[in-house]
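Right, one structure below, let's go through it.
Numbering (our numbering), first residue to last: 2 to 454.
Okay, structure coming up:
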């Protein structure tokens, strides 16, 4: 088996494609457990953190991983999707597994998959197979902490079979509503499924409906639940109700409730206003991990936040004009992207290269993006779920943008970026967004991808 054959084998189990059916939600957990058991339950070999949520899962995972690594811990990181190569999903100390390692991993797991296919349980899907490979890889390399990002939802995601030492929930909003439900309460219930009895959980600030659901779900199973607040003025410190209350310089800090703890506000290396929420959440998670016995000192938190990198999320490419690459793909993430652009790059013309997937909620995405557009170049990725009906997409944008906005259609993402450059002056801004697959194509066109599958 060569590398491409290994990838083809993995992808042959994509749910809903190539003949592989999407399993009932509970059956996904059954199959994941069976696969892990056949591999010797590698998830029992290390402590882990599970991260669920709608927005910021990957960024929060990257921030927390950087903090743990700065503390001297050997880290395993499982995230999805990847930008350029499947091996980005499985990293130890932020180094992806090699091609040879992936081939060996797939070859060794293939007999187990084939046996499951012919048995009563059935074969797991691609995501579950990759998740199991990651856990075994982490166990083989004796990681001190595995940081595991949920794929979709949480309650029935493969990661839910793991009992972590900490559950983390990023901001919850509307996405994947065909699978998770169309209310914040339903979506939050799905995300809350990663919480386990007696295991601490920490959440980003949430909208009231989502917050109430998380509190109820945590209470039902006896999981201590903490919330990170957005900001807190120093005058709000109440020493009689706080533990580890650290001095805060003039400005804003971090609060975890109900145990009020405070940390001086450290600017994360990741740009974008929304990354401040992710940085606070990662910091709060690090404090709780320290409570659990991990040796994470204050300076490790500072260094981790300063050193974290997460390509394709508010990634700024300096130049004339500058380029911003961001995989915003729901209404709330698009709102925050536009807000960040207006803060970081005010008083400029914005040239957007936009492409998305068929399953995305355009009713919420387009109204957030349209008011910021000066020039719009519509394109489509090579991904099977890409929205390729670009003429229809243009018609949906027309009533939302100003009359003087030009909308161009360029199906190839590389050519779309070239068109954007042609429209842009040196003091304008180009932003590529709508899908991580579009962002990946732009990074490859800009020579930022060292390799690709």
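We put the CB at the ideal spot given by N, CA and C, even for glycine.
First through last residue of the beta strand (DSSP E) which encompasses residue i
i           : result
residue 456 : Nothing in the structure corresponds to residue 456, since the chain is present only between 2 and 454.
residue 353 : 351-355
residue 204 : 202-204
residue 227 : 226-229
residue 431 : 430-434
residue 150 : 146-150
residue 379 : 376-379
residue 367 : Here residue 367 belongs to no beta strand (DSSP E); instead the alpha helix (DSSP H) covers 363-370.
residue 93  : 91-93
Minimum Cβ-Cβ distance from residue i to chain C less than 7 angstroms
i           : result
residue 159 : Absent from the structure is chain C; it holds one protein chain and no more.
Per-residue burial, residue i [other beta carbons within 10 Å of its own, 16 or more giving buried]
i           : result
residue 34  : buried
residue 97  : buried
residue 524 : With the chain covering only 2 through 454, there is no way to say anything about residue 524.
residue 399 : exposed
residue 348 : exposed
residue 125 : buried
residue 165 : buried
residue 155 : buried
residue 414 : buried
residue 41  : exposed
residue 396 : exposed
residue 59  : buried
residue 2   : exposed
residue 276 : buried
residue 383 : exposed
Supposed contact pair residue j and residue i - C-beta distance, whole angstroms, cut 8 angstroms
i           : j           : result
residue 306 : residue 68  : 7 angstroms
residue 354 : residue 417 : 5 angstroms
residue 386 : residue 360 : 6 angstroms
residue 196 : residue 202 : 5 angstroms
residue 53  : residue 170 : 5 angstroms
Where the alpha helix (DSSP H) through residue i begins and ends
i           : result
residue 1   : This structure gives no information on residue 1, because the portion of the chain shown stretches from 2 to 454.
residue 187 : 185-192
residue 53  : It is not in any alpha helix (DSSP H) - residue 53 instead sits in the beta strand (DSSP E) that spans 49-53.
residue 440 : 437-446
residue 396 : 391-398
residue 415 : 414-424
Secondary structure of residue i, DSSP reduced to three states
i           : result
residue 285 : helix
residue 313 : coil
residue 409 : strand
residue 329 : coil
residue 102 : helix
residue 16  : coil
residue 111 : helix
residue 244 : Interpretation of residue 244 is limited by its pLDDT of 26, a score under 50 that renders its predicted location unreliable; no figure is taken from the coordinates.
residue 116 : helix
residue 297 : coil
residue 222 : helix
residue 65  : helix
residue 172 : coil
residue 164 : coil
residue 251 : Note on residue 251: pLDDT 27, under 50, position unreliable in the model; no value is reported.
residue 76  : strand
residue 86  : coil
residue 358 : strand
residue 97  : strand
residue 387 : strand
Identity of the residue in the options nearest residue i by Cα
i           : options            : result
residue 333 : 158, 161, 208      : 208
residue 172 : 122, 426, 186      : 186
residue 65  : 282, 389, 403      : 282
residue 391 : 357, 339, 72       : 357
residue 344 : 197, 430, 220, 328 : 430
residue 135 : 71, 223, 36        : 36
residue 327 : 158, 395, 271      : 271
residue 452 : 58, 42, 89         : 89
residue 139 : 175, 91, 151       : 91
residue 74  : 316, 302, 421      : 302
residue 351 : 383, 408, 394, 384 : 408
residue 388 : 7, 410, 420, 317   : 410
residue 218 : 176, 168, 230      : 168
residue 104 : 4, 61, 206         : 4
residue 315 : 406, 397, 432, 369 : 432
residue 199 : 364, 211, 227, 298 : 227
residue 404 : 374, 102, 194, 174 : 374
residue 1   : 423, 147, 378      : Beyond the ends of the chain as shown, which are 2 and 454, falls residue 1; an answer cannot be given.
residue 229 : 289, 181, 131      : 289
residue 28  : 438, 123, 419      : 123
residue 44  : 113, 364, 133      : 133
residue 144 : 157, 150, 56, 49   : 49
residue 25  : 94, 159, 71        : 159
heavy atom of the ligand NAP below 6 angstroms from residue i C-beta
i           : result
residue 294 : Inclusion of the ligand NAP in the displayed structure is not the case, the ligand content being empty and no account of it being possible.
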